[in-house]
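What follows is a single structure, written as structure tokens, with notes after it.
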Amino acid sequence: MKETFDIAVFSGDGIGPEITQPTLRILERLATDGEYTLQFKQCPAGAALYAQTGVSLPEASLQAARNADAILLSAMGLPSVRYPDGTEISPQIDLRKKLNLFAGVRPVRIFPGQKIPLNLPPDQQVDFVLIRESTEGLFHTQGCGEVTEDEARETLLITRETSQALFAFAFDLAARRKASGQGPGQVTCVDKANVFRAFAFFRAIFDAEAARHPELQSAHAYVDAMALWFVQKPWAFDVLVTENMFGDILSDLGAGLMGGLGVAPSADIGHDHAVFQPCHGSAPDIAGQGVANPIAMILSAAMMLEWLGQRHGTDRLITDGTRLRLACEATIAKGDVLTGDLGGSARTDDVANAVIEQLAAS
Ligand code: ATP
Numbered sequence: 000m001k002e003t004f005d006i007a008v009f010s011g012d013g014i015g016p017e018i019t020q021p022t023l024r025i026l027e028r029l030a031t032d033g034e035y036t037l038q039f040k041q042c043p044a045g046a047a048l049y050a051q052t053g054v055s056l057p058e059a060s061l062q063a064a065r066n067a068d069a070i071l072l073s074a075m076g077l078p079s080v081r082y083p084d085g086t087e088i089s090p091q092i093d094l095r096k097k098l099n100l101f102a103g104v105r106p107v108r109i110f111p112g113q114k115i116p117l118n119l120p121p122d123q124q125v126d127f128v129l130i131r132e133s134t135e136g137l138f139h140t141q142g143c144g145e146v147t148e149d150e151a152r153e154t155l156l157i158t159r160e161t162s163q164a165l166f167a168f169a170f171d172l173a174a175r176r177k178a179s180g181q182g183p184g185q186v187t188c189v190d191k192a193n194v195f196r197a198f199a200f201f202r203a204i205f206d207a208e209a210a211r212h213p214e215l216q217s218a219h220a221y222v223d224a225m226a227l228w229f230v231q232k233p234w235a236f237d238v239l240v241t242e243n244m245f246g247d248i249l250s251d252l253g254a255g256l257m258g259g260l261g262v263a264p265s266a267d268i269g270h271d272h273a274v275f276q277p278c279h280g281s282a283p284d285i286a287g288q289g290v291a292n293p294i295a296m297i298l299s300a301a302m303m304l305e306w307l308g309q310r311h312g313t314d315r316l317i318t319d320g321t322r323l324r325l326a327c328e329a330t331i332a333k334g335d336v337l338t339g340d341l342g343g344s345a346r347t348d349d350v351a352n353a354v355i356e357q358l359a360a361s
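The sequence shown runs 0 to 361 under numbering that gives the first Met the number 0.
Next comes the structure, spelled out in structure tokens:
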């Protein structure tokens, strides 16, 4: 059985290095106790590197990502550093395309004790996963849209191949959640099929995949209605699957439901590679102060352990991923060591230490 795992680490820009360092500290500790090895390889990339060298994603870093068992990424991009066309440096989006990471997995969980903006009925649990297609959709022409004096055009692309892989991934996840008692086994396709032919095409491919899973439930929703339902009845969903731009917007709404970007993890998964990173950006407004919330990054690392464990049949990694997630949730629920974004005054390292304490007690 495989016991040594190579992890490509992109510490990135802004608060990136500040939240990466404690996350690696926690992972090293788990690995020591669990008798497996995580070998971290630091991969330079991002806006600060681009400002210095004119390269945002060096070939060596891309190659290290390709060779790794998993990729752990914090945040990249700085508003003050831009390509000549005015767009921000975003090697994380380049990685999604180059490594064909078509399934952007954005879990939305609300647990007891979490401070959230909604008043939920006490008997309702919010625990759903938004899957955002991450390689095409409206991001297809990113960086090469046509702009003239009077017009600007970007093209949305939806392919059968990627959509089939995306929907197969969504139904597989729903089946696994159902088997573990985490969800009812329902997949909802979120689109705009009432207006755009491209989304009718997307939905037809979804329906074909749904027909292959009679043991699971399937449903459709329009994206605008889904935005409303995220606020009105977020407990009603299990697995949601959608196009890239719709998913980009809904995933921030999902982070808002959980109490903010500082607690929202994510994964971008393909057939051969996967990147794990918090939903938030590099937060330059608080960078360098040691006050960033590391929870979203630590939760992303927990997703990485679970994914590695499932892929390699290593139960200890799956167990440690779950333990790490529960330790983060317990830290938030306890509420005495929280960063400013969650209403506390703790520093990044205090929160990491609190997570380690919860882990030791688990
Ligand atoms: P991007 O477009 O790169 O995703 P963004 O424009 O959404 O980035 P962020 O960098 O995510 O912006 O920051 C948005 C706000 O959330 C900022 O005020 C930032 O300070 C705050 N924020 C983001 N991440 C964290 C964190 N881990 N801890 C505390 N605050 C955070």
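Backbone N, C-alpha and C define an ideal beta-carbon position, used for all residues, glycine too.
From a predicted model like this one, the values you see are computed outputs, not experimental measurements.
- prompt: How many whole angstroms separate the CB atoms of Thr241 and Ala291, which I take to be in contact at a CB cut-off of 8 Å?
  reply: Actually they are not in contact, since the Cβ atoms of Thr241 and Ala291 sit about 29 Å apart, beyond 8 Å.
- prompt: With 16 as the cutoff for other CB atoms within 10 Å, does Asn243 come out buried or exposed?
  reply: The residue in question, Asn243, is buried, as its Cβ has 16 or more Cβ neighbours within 10 Å.
message: Does the structure place the stretch 66-80 close enough to the stretch 1-18 that three or more beta carbon pairs sit under 8 Å?
response: yes
- request: Report buried or exposed for Met0, applying the criterion of at least 16 other Cβ atoms within 10 angstroms of its Cβ.
  value: exposed
query: Heavy atom of ligand 1 less than 7 Å from the Cβ of Ala295, yes or no?
result: yes
query: With 16 other CB atoms within 10 Å as the buried threshold, where does Asp206 fall?
result: With fewer than 16 other Cβ atoms within 10 Å, it is exposed.
field: Closer than 7 Å: His212 CB and nearest ligand 1 heavy atom
entry: No, ligand 1 has no heavy atom inside 7 Å of this Cβ.
task: Tell me, to the nearest whole angstrom, how far the beta carbon of Thr245 is from that of Glu208; I am working on the premise that it is less than 8 Å.
output: The sequence shown places Phe at residue 245, rather than the Thr named in the question. The pair is not a contact, with the Cβ atoms about 18 Å apart (cut-off 8 Å).
Per DSSP, cross-strand counterpart(s) of Glu87: Arg81
- request: Specify which residues have a beta carbon nearer than 5 Å to any heavy atom of ligand 1, listing them in chain order.
  value: Gly76, Leu260, Gly261, His279, Gly280, Ala282, Asp284, Ile285, Ala291, Asn292, Asp340
field: Pick from Gly289, Asp348, Ile115, Glu132 that is closest to Ala332, judged by C-alpha positions
entry: Ile115
Distance between Ala46 and Ser55 (C-alpha atoms, nearest Å): When rounded, the distance between both Cα atoms is 6 Å.
message: Contact defined as beta carbons within less than 8 Å: I believe Gly184 pairs with Ala173. What is the distance between those atoms, to the nearest angstrom?
response: 5 Å
message: I'd like to know if the stretch 92-106 and the stretch 122-133 are in contact, where contact means that at least 3 CB-CB pairs between them fall below 8 Å.
response: yes
Local conformation of Gln276 per DSSP, three classes: coil
query: Which of the three DSSP states, helix, strand or coil, is assigned to Gln181?
result: Gln181 falls in the coil class under three-state DSSP.
query: CA-CA distance, Gln163 and His212?
result: 13 Å
Contact between the stretch 175-189 and the stretch 219-236 (3+ Cβ pairs under 8 Å): yes
query: CB-CB under 7 Å to Tyr49, same chain, minus the five flanking residues each way: which ones, in chain order?
result: Ser55, Val80, Ile88
field: Where Asp68 falls, given that 16 or more other Cβ within 10 Å makes a residue buried
entry: Burial state of Asp68 is buried, judged by a 10 Å Cβ sphere holding 16 or more other Cβ atoms.
task: For Cys143, count neighbouring C-beta atoms within 10 Å of its own C-beta (all shown protein chains included) and say buried if the count is 16 or more, exposed if not.
output: exposed
field: Distance between Ala197 and Leu156 (C-alpha atoms, nearest Å)
entry: 8 Å
- request: Kindly indicate which three-state DSSP category Cys42 falls into: helix, strand or coil?
  value: coil
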